[in-house]
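Report on one structure; see the data block that follows.
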Amino acid sequence: MIVGLAVSAACAVGALIAMGGVMAMALPGRPQPWTVHLMHRAAWLAACAAAAVYSLGLFGVLASEQEFGNGADSVPAPACRDGFDRDTVRHLTHHRSSYLPLRFDCVRDDGTTYPGDSNYGWMNWTTLFLLLTAALLVIGAGYLTEFRARKDKR
């Protein structure tokens, strides 16, 4: 669990450094063409933020998996029991976890499921949005570079 927080914190520090790079583009003496540099730095910011959010969720799923079957009172998974009322937890049979997309589902004997943690939904969507943003910024920077190269040939 500590390793997961450390990895997420390292990614968050990388995102803060990238944010400093983005903000430095507002200062005098910025590199030219500044728009391309700004797009690259913003892409790094989005990618580091996506890594921070995803690693936080990844290690949450790993921790829930590790708690299962590890000592007394660990079956069914504590993530499926803790914080839920008795009627919800009744008749639990097993759980299903996934790392892509992040999820930890608890399964009852009638086949119905409920999420072990509702935070995985926003983590998945945030990671996807940030990765798409990073990709679009990199593609946009490449397009802008190509456009300038063609314009200079004329």
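If you're matching positions, the sequence shown starts at 67 in the numbering used here and goes up one per residue.
The C-beta atom is built at its ideal place from N, Cα and C for all residues, glycine as well.
Close Cβ partners of Leu168 (< 7 Å) along its chain, the five nearest in sequence each way excluded: As a first step, residue 168 must be located in the sequence shown, where it is residue number 102. These residues qualify, in order along the chain: Gly123, Leu124, Val127, Tyr186, Met189, Asn190.
The stretch 173–181 / the stretch 95–103 touching (three or more Cβ pairs under 8 Å)
Segments in contact, no.
Check: Would you call Ala109 buried or exposed, if buried means 16 or more other Cβ atoms sit within 10 Å of its Cβ?
Finding: As a position in the sequence shown, residue 109 is number 43, starting the count at 1. Buried, since its Cβ has 16 or more Cβ neighbours within 10 Å.
Under three-state DSSP, which class holds Asp151?
As a working note, residue 151 is residue 85 in the sequence shown. In this structure, Asp151 counts as coil in the three-state DSSP scheme.
Worksheet item: If you draw a straight line from the alpha carbon of Ala84 to that of Ser164, how long is it in whole angstroms?
Response: Position 18 of the sequence shown, counted from the start, is the residue given in the question as residue 84. Position 98 of the sequence shown, counted from the start, is the residue given in the question as residue 164. Roughly 30 Å separates the two Cα atoms.
Exercise for the section: Express the C-alpha separation of Gly70 and Leu104 in angstroms, rounding to a whole number. Expected result: Taking the first residue of the sequence shown as 1, we reach residue 104 at position 38. Taking the first residue of the sequence shown as 1, we reach residue 70 at position 4. In a straight line, the C-alpha of Leu104 is about 30 Å away from that of Gly70.
Next item on the list: Note down the Cα distance separating Cys114 from Ala90, rounded to an integer number of angstroms.
Entry: The residue given as residue 114 occupies position 48 in the sequence shown. The residue given as residue 90 occupies position 24 in the sequence shown. Rounded to whole angstroms, the separation of the alpha carbons of Ala90 and Cys114 is 17 Å.
Which listed residue (Cys146, Asp151, Thr154) has its alpha carbon closest to that of Asp171: To locate residue 171, count along the sequence shown from 1; it is residue 105. Closest option to Asp171, Cα to Cα, is Cys146.
| Taking Arg162 as the reference, which of Asp153, Asp218, Pro181 has the closest Cα? | On the sequence shown, position 96 is the one that residue 162 refers to. The shortest C-alpha to C-alpha distance from Arg162 to any of Asp153, Asp218, Pro181 is the one to Pro181.
- Message: Residues in the same chain with beta-carbon distance under 7 Å from Ala117, minus the five sequence neighbours each way, listed in chain order, please.
- Response: For the purposes of this step, residue 117 is taken as the residue at position 51 of the sequence shown. Within the same chain, Cys77 come within 7 Å of Ala117 by CB-CB distance, once the 5 residues on both sides are set aside.
* Excluding sequence positions up to five away, which residues of its chain have a Cβ less than 7 Å from the Cβ of Ala81? -> For the purposes of this step, residue 81 is identified with residue 15 of the sequence shown, where counting begins at 1. Around Ala81: Leu111, Cys114, Ala115, Ala118.
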